[in-house]
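S.K.:
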Amino acid sequence: MGEINDVKEKLRSLKAELKAARQAKNNGGFDSSNKGPIVPLKNRRILKGHFGKVYAMHWAGAGSEKLVSASQDGKLIIWNGNTTNKIQAIPLRSSWVMTCAFEQKENKYVACGGLDNMCSIYTLSSDTALTRATCELAAHDGYLSCCRFLDTRQIITSSGDSTCILWDLGANQVKRSFTDHSGDVMSVSPCPTDANLFVSGSCDAKCKLWDIRVSRAAITFEGHESDINDVAFFPNGTAFGTGSDDSSCRLYDLRAYQQINIFNNQAILCGITSVAFSSSGRLLIGGYDDYKANVWDTIKSEGPDSTTPVQMLSVHENRVSCVGVQKDGHALCTGSWDTLLRIFA
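The following block contains the structure:
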């Protein structure tokens, strides 16, 4: 009995040390003295073509106007976001798709997955009648919630089985599993500046930073009070944003090991489905269940206007299920259960 009490006391001591260390790191602030004006976004394009709820979208890499969208009509569509032309439509074996991803280096591959528990990889070509997946990655025991390419030979997936998996696309096999979460992992986001890092968000209300060379999480971030539906890395790789069912978006800094800003409002009572940053990181865009996409100023941390979005995009007629900013920062795309995708700039 004495040993158990000793261990409990040691744990309390370690938690206190950890809290003190985090408090010591929390010595920064937001310089809002030189902030310039924010130009309002306008709806420039509408992408029509899906016949079911749009669940996910993802832009191609830098210098490209392409994006991929996934809908429960059982189709992946590759679009030109500028001309609104459909470049390719890929029929899926399972219509219960929940995520899609565009490979960022060469823009040659797209991936998708959902309730089939698999990640299907497609190689894009001039053949418009693309029907067969290049490979199907099956190791998860639950639905596939998110997938993101690290490069042309590696992809990271997250699942309802509470795990993330790093895949070798050359060998079509698992390279490493990440199992520290205690709830469904809903989203992953690779670090834009370090190819070995990615962050995940889960229904256990925690975010974790991972190094792909190690199976255990490097840092665990807390603060949310409900499921975390999406995570997105800050453009410079030192922070990340989250969106949750607790009606808040939050900003976490890797250097401070903690949350440094929160974006919520008493009038906003619905959950956030997805988040994305502008190319400078000044704006955080969140897709909401109440049919809106709200734009937040990331450097507002105090005062009455800090709880008010700088812009509300109220153009969709159903839940906004996905948001994404083009790699060069030229455009924002929102996808919705109203079957439409809209491009803002």
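Straight run, no breaks: the sequence shown in my numbering ends on number 479.
For every residue, glycine included, the Cβ atom is placed at its ideal position computed from N, Cα and C.
1. Using only the alpha-carbon positions, how far apart do residue 178 and residue 350 sit?
2. So, for residue 325: in the same chain, excluding its five sequence neighbours on each side, which residues have a beta-carbon less than 7 Å away from its beta-carbon?
3. Among residues of its own chain, excluding the 5 on either side of residue 479, which ones have a beta-carbon nearer than 6 Å to its beta-carbon?
4. Look at the Cβ atom of residue 269, then the Cβ atom of residue 255, and state whether they are nearer than 7 Å.
5. Quick check: residue 220 and residue 206, are their CB atoms within less than 7 Å of each other?
6. Give, in chain order, every unbroken run of the beta strand (DSSP E) that is at least 3 residues long and sits entirely within the segment 212 to 276.
7. Around the C-beta of residue 336, are 16 or more other C-beta atoms found within 10 angstroms, so that it is buried, or is it exposed?
8. Is the segment 377 to 384 in contact with the segment 411 to 431, if contact means three or more CB pairs nearer than 8 Å?
9. So, is residue 252 buried or exposed, given that buried needs 16 or more other C-beta atoms within 10 angstroms?
10. Since residue 339 is in the beta strand (DSSP E), which residue starts that stretch and which ends it?
11. Secondary structure at residue 370, three-state DSSP: helix, strand or coil?
12. Closest to residue 322 by CA distance: which of 229, 284, 430 and 141 is it?
13. Check residue 303 in the structure and name its three-state DSSP category.
14. Just reading off the alpha helix (DSSP H) that residue 156 is part of, what are its end residues?
15. Return helix, strand or coil for residue 473, following the three-state DSSP convention.
16. For residue 477 and residue 261, what's the separation of their Cα atoms in angstroms?
17. When DSSP labels each residue in this structure, what does residue 440 get in the three-state scheme?
18. For residue 445, which three-state DSSP category applies?
19. Just mark residue 395 as buried or exposed, buried being the case when its beta carbon has 16 or more other beta carbons within 10 Å.
20. According to the neighbour-count rule (16 or more other Cβ atoms, all chains shown, within 10 Å of its Cβ), is residue 506 buried or exposed?
21. My guess is that residue 413 and residue 463 are in contact by the Cβ rule of under 8 Å, so how many angstroms apart are they, rounded?
22. How about residue 444 and residue 429: do their beta carbons lie closer than 7 Å?
23. Closest by CA to residue 329, which one among 151, 346 and 149?
24. Between which two residues does the beta strand (DSSP E) containing residue 353 stretch?
25. Tell me residue 411's beta-bridge partners as DSSP assigns them.
26. Per DSSP, which one or two residues make a beta bridge with residue 385?
27. How many angstroms separate the CA atom of residue 170 from the CA atom of residue 176?
28. What is the rounded straight-line gap between the Cα of residue 410 and the Cα of residue 427?
29. Using only the alpha-carbon positions, how far apart do residue 309 and residue 301 sit?
30. Taking only runs of the beta strand (DSSP E) that begin and end inside the segment 168 to 217, which ones reach a length of at least 3 residues, in chain order?
31. Given that a residue counts as buried once 16 or more other Cβ atoms are within 10 Å of its Cβ, and exposed if not, what is residue 148?
32. Report yes if the C-beta distance between residue 173 and residue 204 is below 7 Å; otherwise report no.
33. What does the alpha-carbon distance come out to for the pair residue 400 and residue 191?
34. Would you kindly check if the distance between the Cβ of residue 311 and the Cβ of residue 297 is under 7 Å?
35. For the beta strand (DSSP E) holding residue 390, just list the boundary residues, first then last.
36. Using alpha carbons as the reference points, say which of 201, 223, 197 and 215 lies closest to residue 209.
M.R.: According to the data block:
1. Between residue 178 and residue 350, the alpha-carbon positions lie close to 44 Å from each other.
2. 331, 332, 367 and 371
3. Same-chain partners within the cutoff: 178 and 465.
4. Cβ atoms of residue 269 and residue 255: closer than 7 Å.
5. no
6. 220 to 225, 231 to 236, 243 to 248, 252 to 257 and 269 to 272
7. buried
8. yes
9. buried
10. From DSSP, residue 339 is part of no beta strand (DSSP E); its letter is neither H nor E.
11. coil
12. 284
13. Coil.
14. 136 to 159
15. The answer is coil: DSSP assigns residue 473 none of H, G, I, E or B.
16. 27 Å
17. helix
18. strand
19. Buried, by the Cβ-count rule.
20. Residue 506 is absent from the model: the chain starts at 135 and stops at 479.
21. 3 Å
22. It is a contact, given that the beta carbons lie within the stated cut-off.
23. 346
24. First-last of the beta strand (DSSP E) with residue 353: 353 to 355.
25. 418
26. 375 and 395
27. Their backbone Cα atoms lie some 19 Å apart in a straight line.
28. 11 Å
29. 5 Å
30. Qualifying beta strand (DSSP E) stretches, in chain order: 177 to 181, 188 to 193, 200 to 205 and 209 to 214.
31. exposed
32. no
33. 29 Å
34. yes
35. Residue 390 -> no beta strand (DSSP E), and no H or E assigned at all.
36. Checking every option, the nearest Cα to that of residue 209 belongs to 223.
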